[in-house]
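Just so it is clear: in the sequence shown, position 37 is 36 by numbering that gives the first Met the number 0, and no numbers are missing.
Each residue gets a CB set at the ideal place from its N, CA and C atoms; glycine is no exception.
Let me begin by presenting the structure, written as C-alpha cells, before commenting on it.
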Amino acid sequence: MTVLRLRRLTAVVATAAALGFTGSASLVHPAQSSTASAGSAACAASGSAARVRGDVTGAQEPKLYPDNEANAYGVIKDAPRLPNGSVNIRTIFHVVSDHTLSGAETARYQTLIANQMTVLNDSYSGRTAAAAADTPFRFSLAKTTYTVNKAWSTVAPGKVERDMKSALYEGDSTTLNVYAANIGGGLLGWAYFPKGYNNGRDFIDGVVILDESMPGGTAGKYAEGDTLTHEVGHWLMLEHTFKGGCSASGDFVADTPREAYAQFNCPVGADTCAAPGLDPIHNFMDYTQDSCMDMFTAGQADRMSDAWVAFRAGGQG
Ligand SMILES: [Zn+2]
C-alpha cells in the first residue's frame, strides 16, 4: 500500500514562524529558482515503493519541500580551517516508536544506526567519492534512547516536535541529537542552522530523520543513509546547492556550481545555469537520490569549519 503525503511550502514557512525564528524567509528561494523548479514532492511511504524526496513536474505545481530549515544568516566569520578529522561530535540517537519494540526490532534499529554512523563518517571523511573533500568532522555514537509515544512517532515540524525535543534533547551546542521516527508531512528529515543557537530554544537544535532512510531501511532510493548526511550539513550551516538559483551568491560556497533549482533522481549532465559547471547533482546538499549524492566540496568543508567555530565550538547550552 502506498500512502501519499504532501507538505506545502506555506505550511513549512508557518511552522518556522511558529518556532520563533526570524529567518523563515530563507526557506523561500529567489523567484527564478522557485518558479523554475516548482517541484512537487509526492512523498510515498510504503514497504517497497520509495518515499521520494520530491519531483519536478512543471511550473504549475506548488513548491514543496522534503525538509525544513529555519534561521537566516549572514556572513560567517572566517576562521582558520580546522584540521581534517579534528572534531569528534558526540552523537545521540533517539528512536521514537508507536509501540514497545520487540527484541528483534531493537536489534534491527541497532544495526540501522550502526550502519548510519558508518555512512555519516564516510561521508564527512571524503571516502565516498574520488572528488569528495574531507572535513574536520567525525561522529561518535554516545548513546541510543528508545521512546514509545504514538504522537511523537509521526512527528512533523511544530508543536509535537517541540514536545518531543524538550523531553528528549540532551547535551549542548556540540552535541548532535538525532531523532529517528516514522516522521510526518511526507518529509525525509529536517534540521536547523546553528546560528541563533542561544535563542532560548536550544532544545530545538538537532536533526529529525525518517527512520527507514537509514542504510538498510525501507525508503527505497532514499535508504542509503544520505538523508542524515544532508541534514547534518544544514546543522553545520550548509545551504542547498540550489540556494540562490543562478545568482552569483548561490549557496555562499564558491566551488559548488550554480544550479537553477533542486534536482531529483540523478539527471547526469544537467546544466541549468549559464555559469560554469554542471549542476552539482552528486553533492549531498542537492535533492537527488541517495545513490546519486556522494560528496561535499572543499568550500563546503571550509564553511562547516567556520560555522563550527562561530556557532557550536563553545559548547553553549
Ligand atoms: Zn535540505
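> Since residue 304 is in the alpha helix (DSSP H), which residue starts that stretch and which ends it?
Replying inline: First-last of the alpha helix (DSSP H) with residue 304: 297-306.
> Going straight from the alpha carbon of residue 112 to that of residue 246, what length do you get?
Replying inline: Roughly 38 Å separates the two Cα atoms.
>> Are there any heavy atoms of ligand 1 lying less than 7 Å away from the beta-carbon of residue 239, as far as the coordinates show?
In response: The answer is yes for residue 239.
> How far does the beta strand (DSSP E) with residue 143 in it reach, from first residue to last?
Replying inline: Taken as a continuous stretch (DSSP letters only), the beta strand (DSSP E) holding residue 143 covers 136-147.
> By a C-beta neighbour count over all protein chains shown, 10 Å radius and 16 as the cutoff for buried, is residue 301 buried or exposed?
Replying inline: Here residue 301 is buried: its Cβ has 16 or more other Cβ atoms, across all protein chains shown, within 10 Å.
> Since residue 152 sits in a beta bridge, which residues does DSSP pair it with?
Replying inline: Its beta-bridge partners do not exist; DSSP assigns none.
>> For residue 45 and residue 80, what's the separation of their Cα atoms in angstroms?
In response: Below a pLDDT of 50, predicted positions are generally treated as unreliable, and residue 45, at 29, falls in that range; no measurement from the model is reported.
> Under the criterion of a Cβ to heavy atom distance below 7 Å, does residue 229 qualify as lining ligand 1?
Replying inline: Checking the Cβ of residue 229 against ligand 1 gives yes.
>> Using only the alpha-carbon positions, how far apart do residue 148 and residue 235 sit?
In response: Cα-Cα distance, rounded: 29 Å.
> What is the residue span of the alpha helix (DSSP H) that residue 102 lies within?
Replying inline: Boundaries of the alpha helix (DSSP H) around residue 102: 102-123.
> Is it true that the CB of residue 187 sits closer than 8 Å to the CB of residue 226?
Replying inline: For residue 226 and residue 187, yes; Cβs fall inside 8 Å.
>> Give me the DSSP bridge partner(s) of residue 91.
In response: According to DSSP, which records beta bridges pairwise, residue 91 is partnered with 142, 176.
> Given residue 268, which residues of its chain have a CB within under 7 Å of its CB, disregarding the five upstream and five downstream residues?
Replying inline: Non-local beta-carbon contacts of residue 268 in its own chain, meaning distances under 7 Å to residues more than five positions away in sequence, involve 277 in chain order.
>> Please report the distance separating the alpha-carbon of residue 140 from that of residue 258.
In response: Rounded to whole angstroms, residue 140 to residue 258 spans 35 Å at the Cα level.
> Between which two residues does the alpha helix (DSSP H) containing residue 190 stretch?
Replying inline: For residue 190, no alpha helix (DSSP H) segment is defined; the enclosing uninterrupted segment is the beta strand (DSSP E) at 188-190.
> Of the choices 138, 75, 87, 145, whose alpha-carbon is the least far from that of residue 102?
Replying inline: Residue 145 is the option with its Cα nearest to residue 102.
> If we ignore side chains and look at the alpha-carbon of each, how far apart do residue 178 and residue 159 end up?
Replying inline: Going by the C-alpha atoms only, they are around 13 Å apart.
>> Can you check which of these residues, 230, 208, 297, is closest to residue 251 by C-alpha distance?
In response: A check of alpha carbon separations from residue 251 across 230, 208, 297 identifies 297 as the nearest.
>> Taking the alpha helix (DSSP H) that residue 159 belongs to, which residues open and close that run?
In response: Its alpha helix (DSSP H) spans residues 158-167.
> Taking the alpha carbon of residue 304 as the point to measure from, which residue in 123, 239, 91 has its own alpha carbon closest?
Replying inline: Ranking 123, 239, 91 by Cα distance to residue 304 puts 123 first.
>> With H, G and I counted as helix, E and B as strand and the rest as coil, what does DSSP make of residue 209?
In response: Here residue 209 sits in strand by DSSP.
>> Relative to the C-alpha of residue 180, which candidate in 168, 97, 173, 193 has its C-alpha closest?
In response: The candidate whose alpha carbon is nearest that of residue 180 is 97.
> Should residue 255 and residue 275 be called a contact, given that it needs their Cβ atoms to be closer than 8 Å?
Replying inline: No, the pair does not count as a contact, with Cβ atoms beyond the cut-off.
> Should residue 82 go down as buried or exposed, given a rule of 16 or more other Cβ atoms within 10 Å for buried?
Replying inline: Residue 82 comes out exposed.
>> Using C-beta distances below 6 Å, list every residue in its chain close to residue 150, excluding the 5 sequence neighbours before and after it, in chain order.
In response: Counting only residues of its own chain and dropping the five nearest sequence neighbours on each side, residue 150 has a CB closer than 6 Å to the CB of 159.
> Going straight from the alpha carbon of residue 93 to that of residue 77, what length do you get?
Replying inline: When rounded, the distance between both Cα atoms is 33 Å.
> With DSSP run on the structure shown, which of helix, strand or coil describes residue 65?
Replying inline: With a pLDDT of 32 at residue 65, under the threshold of 50, the modelled position of that residue is not reliable, and the figure given next carries that caveat. Coil at residue 65, not helix or strand.
> How many Å lie between residue 312 and residue 166 at the Cα?
Replying inline: Note on geometry: alpha-carbon atoms of residue 312 and residue 166 lie some 24 Å from one another.
>> Tell me which residue opens and which closes the alpha helix (DSSP H) that residue 225 is part of.
In response: Residues 225-234.
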